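Last residue of the sequence shown: number 644 in our numbering, and the count goes up by one each step with no gaps.
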Amino acid sequence: MVRSVVKAASGKIVPLGVVLTFVIGTALIIALGFAAPESSDNPYHSPYDVAFAPDGARLAVSDRTAGSVAIVDAASGEVRHSLSLGGSPTGVAWSADGARVFAAEYGEGTVAEIDAENGRIARRFNVGPRPMGLAVAPKRNLLLVANAALGSVSLIDLAGGAERKRVEVSREPVAVAVSPDESLAVVANLLPATSATDPQVAAVVSLIDLEKAEKTADVRLPTGSTVLRDVAVSPDGRWAYAVHTVGRFTLPTTQLDRGWINTNALSIIDLSSRQLYATVLLDLLTEGAADPWGIALARDGRTLWVTLSGVHQIAQIRLGDLHELLAGRIPEAYAKKPGFPAIWREIQADGAGRARLVNDLAALYAAGLIDRRPVPAKGPRGLALAPDGKRLAVAAYFGARVLLIDAENGKATSEFALGPDRSPDPVRLGEMIFHDATFSFQHWLSCATCHPDARADGLNWDLLNDGIGTPKNTRSLVWSDRTPPVMSHGVRANMEVAALAGFRFILFREPEAGELEAVRAYLRSLEPETSPHRLSNGGYSEAAYRGKALFEGKAHCAGCHPAPLYTDLKVREVGMKRPLDQAAEFDTPTLVELWRTGPYLHNGEAVDLKELLTRFNTEDKHGATSNLTPAEIDDVITYLLSL
Numbered sequence: 002m003v004r005s006v007v008k009a010a011s012g013k014i015v016p017l018g019v020v021l022t023f024v025i026g027t028a029l030i031i032a033l034g035f036a037a038p039e040s041s042d043n044p045y046h047s048p049y050d051v052a053f054a055p056d057g058a059r060l061a062v063s064d065r066t067a068g069s070v071a072i073v074d075a076a077s078g079e080v081r082h083s084l085s086l087g088g089s090p091t092g093v094a095w096s097a098d099g100a101r102v103f104a105a106e107y108g109e110g111t112v113a114e115i116d117a118e119n120g121r122i123a124r125r126f127n128v129g130p131r132p133m134g135l136a137v138a139p140k141r142n143l144l145l146v147a148n149a150a151l152g153s154v155s156l157i158d159l160a161g162g163a164e165r166k167r168v169e170v171s172r173e174p175v176a177v178a179v180s181p182d183e184s185l186a187v188v189a190n191l192l193p194a195t196s197a198t199d200p201q202v203a204a205v206v207s208l209i210d211l212e213k214a215e216k217t218a219d220v221r222l223p224t225g226s227t228v229l230r231d232v233a234v235s236p237d238g239r240w241a242y243a244v245h246t247v248g249r250f251t252l253p254t255t256q257l258d259r260g261w262i263n264t265n266a267l268s269i270i271d272l273s274s275r276q277l278y279a280t281v282l283l284d285l286l287t288e289g290a291a292d293p294w295g296i297a298l299a300r301d302g303r304t305l306w307v308t309l310s311g312v313h314q315i316a317q318i319r320l321g322d323l324h325e326l327l328a329g330r331i332p333e334a335y336a337k338k339p340g341f342p343a344i345w346r347e348i349q350a351d352g353a354g355r356a357r358l359v360n361d362l363a364a365l366y367a368a369g370l371i372d373r374r375p376v377p378a379k380g381p382r383g384l385a386l387a388p389d390g391k392r393l394a395v396a397a398y399f400g401a402r403v404l405l406i407d408a409e410n411g412k413a414t415s416e417f418a419l420g421p422d423r424s425p426d427p428v429r430l431g432e433m434i435f436h437d438a439t440f441s442f443q444h445w446l447s448c449a450t451c452h453p454d455a456r457a458d459g460l461n462w463d464l465l466n467d468g469i470g471t472p473k474n475t476r477s478l479v480w481s482d483r484t485p486p487v488m489s490h491g492v493r494a495n496m497e498v499a500a501l502a503g504f505r506f507i508l509f510r511e512p513e514a515g516e517l518e519a520v521r522a523y524l525r526s527l528e529p530e531t532s533p534h535r536l537s538n539g540g541y542s543e544a545a546y547r548g549k550a551l552f553e554g555k556a557h558c559a560g561c562h563p564a565p566l567y568t569d570l571k572v573r574e575v576g577m578k579r580p581l582d583q584a585a586e587f588d589t590p591t592l593v594e595l596w597r598t599g600p601y602l603h604n605g606e607a608v609d610l611k612e613l614l615t616r617f618n619t620e621d622k623h624g625a626t627s628n629l630t631p632a633e634i635d636d637v638i639t640y641l642l643s644l
């Protein structure tokens, strides 16, 4: 469904009490042609990230699909400045004095520094090609930039504007937070960086010593943790908080109900010991909190808020009381509550029992530690708390507006749009459904839960297309419409068939009129992103050209992976049948975006391409690589990563 807001063209806030909501059935949108045509003059507005100025009087909002950043009066909703930026703007942050706004230009490899008073771009900083989350360390005069595509964090010297150092972290860093004393940076890495066959496969939170400008630890989250979206540090610098999903990938997807397959979590990291302290679930017994995204933390550290993007909610957590319980101390008010969960009584000061919380759906809500409330817009993502602690700003990605919410009671008080609202065409509608967990049984997951950004989550899942007990690695959906058949064994004739199966056997929903075709339209619209391993002009390096010649010649790779699809669309026996596989033949996958689709092989066994071409290719069934020198192997890999 689509929500349309009646609002003045000036962009002023309209009180929710006078906003008229029009609900239009998805079938009518498609069948009657209500959708506006694609037009660069009439873009969709998709607020992605939001940040309050230090004085609380202004907001900075990135608008990803419109390619702009707005500076907005937080009281009146008036858009003071709207700037067109390069790429797709993502993270935003303010300087400590409130004079400047920093905005990540995803796809351009730059961060724009904006003069907040006159709304002009003062400087641009060169960083990795796909910057995401930003954080400022004012005492060190540093801007920290999470370079998602390169697995690194850029430390930008704000005095001179140059990159002081680039620190390698893990896989697809998307958010970064700085401790109050600026000794430490905490980085949320979106995906696991290990083999999918690792029994403890999980994403990590990276810690950077800002004095030494080097990574000091990777804190692994519970098994199955992936799609980390945000991270925050407590006011005393003792704790870090990260939100993410937890996939129960060892079970077949027949067990979706009651969190058997997917749960949604908040992890707490002890920064003094650099270890995972506890992971608690944001779900209810029969209702998932799908796709947690943004975090905001009260200045006293006693309350934490999380946007639940897939279910269009915001969660408020009584963090101070949670820490008391985690330390083995039960406040009297909780001890007397009827039905108080036994697990909290079992937790002692030495930490016994904390590790079991990741599997307890009732621990938070039955103890009265969490409130979940709906927000009046689709797809809440970025989240910020005003300096006075009274208001939350929520970037509603599919709602095309920013909501202001009372931090105490969770009720939306006002809202403002970044531009004229627009009814979705089939592609946009399909994108909305793809990211909407309310289309799934009990709201445990959306399509995007396992396919973040329509790519892959790095886990092996036991789907139903080839029998139970046959886990396979999640595949990217880019060009899935052009490279039939689909699934690892090629058991689905094409993307269209697979999309219907996804509704029925993953979401456990029979799609209504218009829904399935909209998702198919969205999948057909997907295009690969330019590899970060290309030169700045988009061309190949000399090593990549050498690798291309080997790929097409001596190694005979192009026989099965010919351009432009980099697959011959055939199913082959490639010597990779494993004990859990019911068939020996596998679909020849496209090599498009190979730089971001690891781990490799149908079961995610190979961590990187070197492992694939050496350790897992002794019989030369993935190209004739046994006769290549180590230098030639490296050149082939360079080419493959450039696709």
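All C-beta atoms, glycine included, are put in the ideal place defined by N, C-alpha and C.
On a predicted model such as this, the values are computed, not experimentally measured, just so you know.
Ranked by Cα distance from D42, the options S69, P565, N628 and R121 are led by S69. Positions of the alpha helix (DSSP H) runs, each at least 4 residues long and wholly inside the region 439-521, are given as 448-451 and 496-506 in order along the chain. Of the candidates P339, R505, D74 and Y107, Y107 places its Cα closest to the Cα of A67. Under DSSP, the beta-bridge partners assigned to R573 are F587. The three-state secondary structure of S310, taken from DSSP, is helix. Exposure of Q256 is indicated by the presence of fewer than 16 other C-beta atoms within 10 angstroms of its C-beta. In the DSSP assignment, V428 falls within the unbroken alpha helix (DSSP H) covering P427 to F435. A straight-line Cα-Cα distance of about 42 angstroms links A178 and N495. Contact annotation: S481 and L430 have beta-carbon atoms that are not nearer than 8 angstroms.
According to the DSSP secondary-structure assignment, V205 is paired through a beta bridge with R221. Under the three-state reduction of DSSP, E416 is assigned to strand. For G129, same chain residues with a beta-carbon under 8 angstroms away, outside a window of 5 residues either side, are G110, V146, N148, A149, A150, L151, S153, S155, R167 and P533 in chain order. Distance check between K412 and each of G380, D372 and G420 places D372 closest, using alpha-carbon atoms only. In the three-state scheme derived from DSSP, where H, G and I count as helix and E and B as strand, A559 is classed as coil.
Linking A502 to C558 through their CA atoms gives a straight-line distance of about 32 angstroms.
Distance from T254 to W462 at the Cβ level is roughly 7 angstroms; contact confirmed, criterion being Cβ atoms closer than 8 angstroms.
Listed in chain order, the non-local C-beta contacts of R346 below 8 angstroms within the same chain comprise I331, local neighbours out to five positions each way being set aside. Scanning its chain for C-beta atoms nearer than 7 angstroms, with the 5 sequence neighbours on each side dropped, one finds around Y567 the residues T591, L592, V593 and L644, in chain order.
Burial state of N628 is exposed, judged by a 10 Å Cβ sphere holding fewer than 16 other Cβ atoms. Taking P90 as reference, the option from F53, R101, H46 and A58 with the minimal CA-CA separation is H46. Between Q314 and P375, the CB-CB gap stays under 8 angstroms. Here the region 501-516 makes contact with the region 427-443; the two share three or more CB pairs at distances below 8 angstroms. Distance check between Y242 and each of K213, T287 and A297 places A297 closest, using alpha-carbon atoms only.
Going by beta carbons, V112 and R125 fall inside the 8 angstroms limit. Our two residues, L595 and T475, have alpha carbons roughly 14 angstroms apart in a direct line.
Taking a contact as a CB-CB distance under 8 angstroms, the pair D231 and V247 does not count as one, their CB atoms being some 16 angstroms apart. Annotation: W345 is outside any beta strand (DSSP E); the continuous alpha helix (DSSP H) that includes it extends over A343 to E347. When DSSP states are grouped into helix, strand and coil, I634 belongs to the helix group. Its Cα nearest to that of A94, the residue P55 stands out among G120, R131, P55 and A585. Here L286 is exposed. Its C-beta has fewer than 16 other C-beta atoms within 10 Å. When the alpha-carbon of W306 is set against those of L267, A291 and R131, the nearest one is in L267. The shortest CA-to-CA distance from V51 to any of L404, L144 and G340 is the one to L404.
The bridge partners DSSP lists for S171 come to none. Using a Cβ distance threshold of 8 angstroms, L282 and L309 do not count as a contacting pair.
Sequence-distant partners of V492 (beyond 5 residues in either direction) whose C-beta falls short of 8 angstroms from its own C-beta, in its chain, are N466, D467 and P486. For A545, the enclosing alpha helix (DSSP H) starts and ends at E543 to E553.
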